[in-house]
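Protein sequences appear in the order of chains A, C, E, S, G and F. If you use this note's numbering, the first sequence corresponds to residues 1 to 86, in order. If you use this note's numbering, the second sequence corresponds to residues 87 to 172, in order. If you use this note's numbering, the third sequence corresponds to residues 173 to 258, in order. If you use this note's numbering, the fourth sequence corresponds to residues 259 to 344, in order. If you use this note's numbering, the fifth sequence corresponds to residues 345 to 430, in order. If you use this note's numbering, the sixth sequence corresponds to residues 431 to 516, in order.
Protein chains: 6
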Amino acid sequence: MPIITCDIRNGRTKEQKHQLAMQLTEAVVEATGCDIDHIFLVMREMPGFNFVDAGEHVPEYVPGPDGMDMAGHEQIKSRKEKASHN
Amino acid sequence: MPIITCDIRNGRTKEQKHQLAMQLTEAVVEATGCDIDHIFLVMREMPGFNFVDAGEHVPEYVPGPDGMDMAGHEQIKSRKEKASHN
Amino acid sequence: MPIITCDIRNGRTKEQKHQLAMQLTEAVVEATGCDIDHIFLVMREMPGFNFVDAGEHVPEYVPGPDGMDMAGHEQIKSRKEKASHN
Amino acid sequence: MPIITCDIRNGRTKEQKHQLAMQLTEAVVEATGCDIDHIFLVMREMPGFNFVDAGEHVPEYVPGPDGMDMAGHEQIKSRKEKASHN
Amino acid sequence: MPIITCDIRNGRTKEQKHQLAMQLTEAVVEATGCDIDHIFLVMREMPGFNFVDAGEHVPEYVPGPDGMDMAGHEQIKSRKEKASHN
Amino acid sequence: MPIITCDIRNGRTKEQKHQLAMQLTEAVVEATGCDIDHIFLVMREMPGFNFVDAGEHVPEYVPGPDGMDMAGHEQIKSRKEKASHN
Numbered sequence: 001m002p003i004i005t006c007d008i009r010n011g012r013t014k015e016q017k018h019q020l021a022m023q024l025t026e027a028v029v030e031a032t033g034c035d036i037d038h039i040f041l042v043m044r045e046m047p048g049f050n051f052v053d054a055g056e057h058v059p060e061y062v063p064g065p066d067g068m069d070m071a072g073h074e075q076i077k078s079r080k081e082k083a084s085h086n
Numbered sequence: 087m088p089i090i091t092c093d094i095r096n097g098r099t100k101e102q103k104h105q106l107a108m109q110l111t112e113a114v115v116e117a118t119g120c121d122i123d124h125i126f127l128v129m130r131e132m133p134g135f136n137f138v139d140a141g142e143h144v145p146e147y148v149p150g151p152d153g154m155d156m157a158g159h160e161q162i163k164s165r166k167e168k169a170s171h172n
Numbered sequence: 173m174p175i176i177t178c179d180i181r182n183g184r185t186k187e188q189k190h191q192l193a194m195q196l197t198e199a200v201v202e203a204t205g206c207d208i209d210h211i212f213l214v215m216r217e218m219p220g221f222n223f224v225d226a227g228e229h230v231p232e233y234v235p236g237p238d239g240m241d242m243a244g245h246e247q248i249k250s251r252k253e254k255a256s257h258n
Numbered sequence: 259m260p261i262i263t264c265d266i267r268n269g270r271t272k273e274q275k276h277q278l279a280m281q282l283t284e285a286v287v288e289a290t291g292c293d294i295d296h297i298f299l300v301m302r303e304m305p306g307f308n309f310v311d312a313g314e315h316v317p318e319y320v321p322g323p324d325g326m327d328m329a330g331h332e333q334i335k336s337r338k339e340k341a342s343h344n
Numbered sequence: 345m346p347i348i349t350c351d352i353r354n355g356r357t358k359e360q361k362h363q364l365a366m367q368l369t370e371a372v373v374e375a376t377g378c379d380i381d382h383i384f385l386v387m388r389e390m391p392g393f394n395f396v397d398a399g400e401h402v403p404e405y406v407p408g409p410d411g412m413d414m415a416g417h418e419q420i421k422s423r424k425e426k427a428s429h430n
Numbered sequence: 431m432p433i434i435t436c437d438i439r440n441g442r443t444k445e446q447k448h449q450l451a452m453q454l455t456e457a458v459v460e461a462t463g464c465d466i467d468h469i470f471l472v473m474r475e476m477p478g479f480n481f482v483d484a485g486e487h488v489p490e491y492v493p494g495p496d497g498m499d500m501a502g503h504e505q506i507k508s509r510k511e512k513a514s515h516n
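Printed below as a string of structure tokens:
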């Protein structure tokens, strides 16, 4: 009887949200043995700016090829570079 | 940069909670293309009694073979029977 | 001192949201004996698509006569039919 | 298809939690016209100390006659007195 | 590793949301000794009407000088007056 | 009228939770100009194992000198080392 909530950034397509919801639901079915009838999920969407990770606003979602998030991609690259210089 | 929260019943083993967390995390990686570094998840546990689905308290989690939830199993069976008589 | 949160679909009128808020607040006053001054409630609204119940996206809210939800009504009817054939 | 969450203090009896859950569920049925089958509720319980209202920790729940909360009762009285002296 | 969520009313500027996020993040760093890398925050925004405090809808946010909330200001004044007459 | 929720690990003292709550409340007062009377906060506590950050369970909170979290300290050190080798 799990309730799953998922806070994500605005900008994903219905198809992407569908994929996310289905994979989360299946993950719960497989891991808990719960019947799918008892799994309830809500995706809450907000601007990237409203998410703050490690004291930095998350950039807005920028769709790239194959649903890749170009903005997040840049941020990860720059963090790994920073970390490697510490 | 998703935050996943999962409200589940007390009674699952660490191994079961680990499975749940890993499968949810992987589901988000696959569906959103997010780097795993930006995925944060919390599992909140409460007694089954604190969950109320369709106006009925959910029975406490009862571990069966292969991690199956015996209590939920009974409840589903009884609902399907009720529904088929409506 | 309860905090109530309510995740609902977009599309309800202010009047309907007012009804919902008042009835939830009164329910807490009656059931807990809490003074109304200590009850805080937030209604979060998202598209129906963002709600996934038993692995199916919930249809968008469609206002019918007397505030009835025509979309939900159809879905319930079809589930009961499915269940009765299992 | 609403999801209701309710953060309350530890210490209420099963009977009190049952009353709370039923009244919240009925409030949603009446106000939204939703079928009860689509209403899901979770009550999360924490010590009173973990609730902070207006910068003050909430006292632990103290059961009085008729399920009245004696601790909350004292707090409300003292606040009204303070306010009337401002 | 705290997750902070903050439900606020629509209408604040990016600069105000930035201030809020930074001050919340710093508060957690100072109070818990957590490394900033493990602090994750999401601000959820909804109309003032969706917030119900003590059985009254909260007025929409109205920006005043220095970021002061004129609507909230009026409400507080009127409550203190009411309380002082009780 | 903000509602702040904070999901943290078990193990902190009342004094530490008090510090956290006060600093979060003050942060909201300063950043939003809200009257303290309208700020409501709940701290939810769960075992470290229930938090999963970047696909890894968070170690349980281990109190060190000055409220420092020894477990988190070790984890951060090991991550920075990993990152610097990438």
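For glycine and all other residues, C-beta sits at the position ideal for the given N, C-alpha and C. Keep in mind the model is a prediction, meaning the values are calculated, not measured.
If we call anything under 8 Å between Cβ atoms a contact, is ILE89/C one with ASP69/A? no
Anything in the region 358–385 of chain G with a Cβ closer than 9 Å to a Cβ of chain E? List those residues in chain order, please. none
Does chain S have any CB closer than 8 Å to the CB of PRO219/E? no
Closest Cα partner of PHE481/F within the set THR99/C, ALA107/C, GLY97/C: ALA107/C
Residues of chain C with CB under 7 Å from ILE347/G, in chain order? ILE89, PHE126, VAL128
Exposed unless 16 or more other CB atoms sit within 10 angstroms - verdict on GLY291/S: buried
Does the region 119–135 of chain C come into contact with the region 301–316 of chain S, if we say contact requires no fewer than three beta-carbon pairs (one atom in each stretch) closer than 8 Å? yes
Buried or exposed: ILE466/F, going by 16 or more other Cβ atoms within 10 Å of its Cβ? exposed
Measure from the C-beta of ALA226/E to each C-beta in chain A and report whether the shortest distance is under 8 Å. yes
Determine the direct distance from the alpha carbon of ASP139/C to that of ASN258/E, and round the result to whole angstroms. Model confidence at ASN258/E stands at a pLDDT of 49, short of 50, so the residue's coordinates are unreliable; what they give is reported in the following sentence. Answer to the nearest angstrom: the Cα atoms are 21 Å apart.
Using a C-beta cutoff of 8 Å, does ASP499/F count as contacting chain C? no
Starting from the C-beta of GLU228/E, find all residues in its chain whose C-beta is less than 6 Å away, skip the five residues before and the five after it, and write them out in chain order. none
Beta-carbon gap between ALA371/G and GLN446/F smaller than 8 Å: no
Burial state of THR271/S (16 or more Cβ within 10 Å): exposed
What are the boundary residues of the beta strand (DSSP E) that VAL138/C is part of? 137–139
Looking at the unbroken alpha helix (DSSP H) that takes in THR204/E, where does it start and where does it end? 186–204
Strictly under 8 Å for the Cβ-Cβ distance: is ASN10/A near chain D by that measure? Judged by its chain identifiers, the structure shown contains no chain D, and its protein chains are A, C, E, S, G and F.
ILE469/F - DSSP class collapsed to helix/strand/coil: coil
Considering only residues of the same chain and omitting the five flanking positions on each side of VAL402/G, which have a CB-CB separation below 6 Å? GLY392, PHE395
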